[in-house]
Amino acid sequence: MSDERFGSGGNDFGDFGDLEERLRIALAQEARDIEPGDRLDDIRAEVDAAARGGRPAWLYPVAAAAAVAAIAVAAWIGLRPPAPSVPAGTTTSSVAVSRAPSSPSSSASTAPSSSAAPSTTEVPPSGTAQAVPAYFVAPYGEGKWGLVREFLSAALPAGATPEARATAALGLSLDARPYAGTDGYLQPWPAGTTVSSVVTRAGEIQVVLRGPGSTGLTAEQQRVSVQQVVWTVTAAMQQNLPVRVSVRGDGPIFETMPAGVYKRPPADTAYTDLAPVWVDSPSRGQVLPAAKPVLVQGQACVFEATVSWELTQGATVVRKGFTTASSGCPLQGSWAVALGRLAPGDYQFRAFERSAKDGSVAAQKRVSFTVR
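Laid out in structure tokens, this is it:
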């Protein structure tokens, strides 16, 4: 029996398609602003599993929208910062940070996997190794620059405040030197640039750096480098607040970027700050057990949500293919590639976008890891 609510064709969902689109855009923007973490991928996987169980097709978009709504509500409740244990306007004076990459297995505050690369800074007995999000300025396309996110390990004391997490994450973000020559990250901050303070006051996050950025950068490189600070501290604190950035002793942050208040753009224009393709896991240099299947996960804002990929060992292409992100531009969507079990050895995974114009590589991200 036919039902005119769903149209005459098997793939025409009528009003449900319109409802899905409006819900998807609205909820994606809300979820993006509060950065709920990696649980979103798990929910999507559960919805996909239910779909394979034979439920009516029109339920899938409704179920997916409901799942995202649940995440948004839960994240809003669960991610609100606890009442500060120190007077307003103060922050933890010191945290130990490590340059060792860490896999974001569940959220930015999850302790890193024990299989991550060795730490260059010992974790003090009173500290707990936690993965914090750090943003870096990376090249893509022809003379373009955008932010990429990596989860790195920081040793934070028990009950560390959001400001302490932000201080640790920003300290890692400002030092791109451990990664030079691997991804060609820009080094917009002079060696030794550190964070003087991070406090929350009057509805904004206030960041004071001990020195200004490097000279000689293009205006766009300077702009994205300031946004690097904004994205790192808001992600680490899980609060999308305006960020007041200044330098000790006053003066500009960069030659064309004065001290002042800066914000993350709305979700539908975030592509102006972010590189088109990210790889979230495995993390750089991570060692994975040969007994377990390898799952590569990332984010992308690419044409028609299509992410191409290849896995190599040295000069040999082991596997290649493409996958589809959960959303096409202008929103950033999540994607995953199941590689299964891999033989022991060193690998490099490359995720990239092909140009719709001529098929050339428009943007890419490489991550090296080891299986043993």
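In this text, residue positions in the sequence shown follow the numbering used here: the first is 1, and each later residue adds one.
Glycine residues also receive a C-beta, built at the ideal position from the N, C-alpha and C atoms.
If you're wondering where the values come from, they're calculated on a predicted model, not measured in any experiment.
Checklist entry - Going straight from the alpha carbon of V230 to that of T316, what length do you get? => result Along the sequence shown, one-based indexing puts residue 230 at 230. Along the sequence shown, one-based indexing puts residue 316 at 316. Going from the Cα of V230 to the Cα of T316 covers about 39 Å.
Next on the checklist: I believe V207 touches V261 by the beta-carbon criterion, under 8 Å. Please report the beta-carbon distance rounded to the nearest angstrom.
Outcome noted: Looking up residue 207 in the sequence shown gives position 207. Looking up residue 261 in the sequence shown gives position 261. Contact between V207 and V261 is ruled out by a C-beta separation of about 11 Å, above the 8 Å threshold.
Checklist entry - Considering only residues of the same chain and omitting the five flanking positions on each side of G141, which have a CB-CB separation below 7 Å? => result Residue numbering aside, residue 141 sits at position 141 when the sequence shown is read from its first letter. So the list reads A362, A363, once near-sequence residues are dropped.
Next on the checklist: Taking 6 Å as the limit between beta carbons, can you name the residues of its chain near Y185, skipping five residues before and five after?
Outcome noted: Translated into positions along the sequence shown, residue 185 becomes position 185. By the criterion of a C-beta distance shorter than 6 Å, Y185 is surrounded in its chain by F136, A138, A176, Y179, once the five residues flanking it on both sides are discounted.
Item to check | DSSP three-state assignment for P133, whether helix, strand or coil | outcome: Residue numbering aside, residue 133 sits at position 133 when the sequence shown is read from its first letter. Of the three classes helix, strand and coil, the one that applies to P133 here is strand, per DSSP.
Checklist entry - Closest to V307 by CA distance: which of T323, Q297, A134, Y347 is it? => result Residue mapping note: residue 307 aligns to position 307 of the sequence shown, counting from 1. Ranked by Cα distance from V307, the first of T323, Q297, A134, Y347 is T323.
Next on the checklist: Whole angstroms are fine: how far does the CA of E353 sit from the CA of V371?
Outcome noted: Position 371 of the sequence shown, counted from the start, is the residue given in the question as residue 371. Position 353 of the sequence shown, counted from the start, is the residue given in the question as residue 353. Each residue's Cα considered, the two are about 26 Å apart.
Checklist entry - At a cut of 8 Å, does the stretch 287 to 304 reach the stretch 251 to 265 through at least three beta carbon pairs? => result Between the stretch 287 to 304 and the stretch 251 to 265, the count of C-beta pairs closer than 8 Å stays below three; the two stretches do not touch.
Checklist entry - Using a Cβ-Cβ cut-off of 8 Å (strictly less than) and excluding sequence neighbours within five positions of A202, which residues of its own chain qualify? => result Position 202 of the sequence shown, counting from 1, holds the residue named residue 202. Cβ neighbours of A202 beyond the five flanking positions: none.
Checklist entry - Is L342 closer than 9 Å to A290 when the C-beta atoms are compared? => result Position 290 of the sequence shown holds residue 290. Position 342 of the sequence shown holds residue 342. Going by C-beta atoms, A290 is nearer than 9 Å to L342.
Next on the checklist: Which same chain residues end up closer than 6 Å to Q227 when comparing Cβ atoms and leaving out the 5 residues on each side of it in sequence?
Outcome noted: Start at 1 with the first residue of the sequence shown, and residue 227 comes out as number 227. D273, listed in sequence order.
Checklist entry - Is DSSP giving A362 helix, strand or coil here? => result For the purposes of this step, residue 362 is taken as residue 362 along the sequence shown, with counting starting at 1. In the structure shown, A362 adopts extended strand secondary structure according to DSSP, grouped into three states.
Checklist entry - Who does M257 pair with in a DSSP beta bridge? => result Locating residue 257 in the sequence shown gives position 257, counting from the first residue. Paired residues: F254.
Checklist entry - Going straight from the alpha carbon of A188 to that of K144, what length do you get? => result In the sequence shown, counting from the first residue as 1, residue 188 sits at position 188. In the sequence shown, counting from the first residue as 1, residue 144 sits at position 144. First, the residue type needs correcting, since residue 188 is Pro and not Ala in the sequence shown. P188 and K144: Cα-Cα distance of roughly 15 Å.
Checklist entry - Per the contact definition of three or more C-beta pairs closer than 8 Å, is the stretch 146 to 162 in contact with the stretch 278 to 288? => result By the criterion of at least three beta-carbon pairs nearer than 8 Å, the stretch 278 to 288 is in contact with the stretch 146 to 162.
Next on the checklist: So, for G321: in the same chain, excluding its five sequence neighbours on each side, which residues have a beta-carbon less than 7 Å away from its beta-carbon?
Outcome noted: In the sequence shown, residue 321 corresponds to position 321, counting from 1. Excluding sequence positions up to five before and after G321, its CB lies within less than 7 Å of the CB of W309, all in the same chain and listed in chain order.
Checklist entry - Using the C-alpha atoms, what's the distance from G251 back to L209? => result Here residue 209 refers to the residue found at position 209 of the sequence shown. Here residue 251 refers to the residue found at position 251 of the sequence shown. Each residue's Cα considered, the two are about 11 Å apart.
Checklist entry - Whose C-alpha, out of R165, A169, S355, S196, is nearest the C-alpha of A134? => result For the purposes of this step, residue 134 is taken as the residue at position 134 of the sequence shown. Comparing C-alpha distances from A134 to each of R165, A169, S355, S196 shows the shortest one belongs to A169.
Item to check | Exposed unless 16 or more other CB atoms sit within 10 angstroms - verdict on A219 | outcome: Taking the first residue of the sequence shown as position 1, residue 219 is located at position 219. Per the 10 Å Cβ criterion, exposed.
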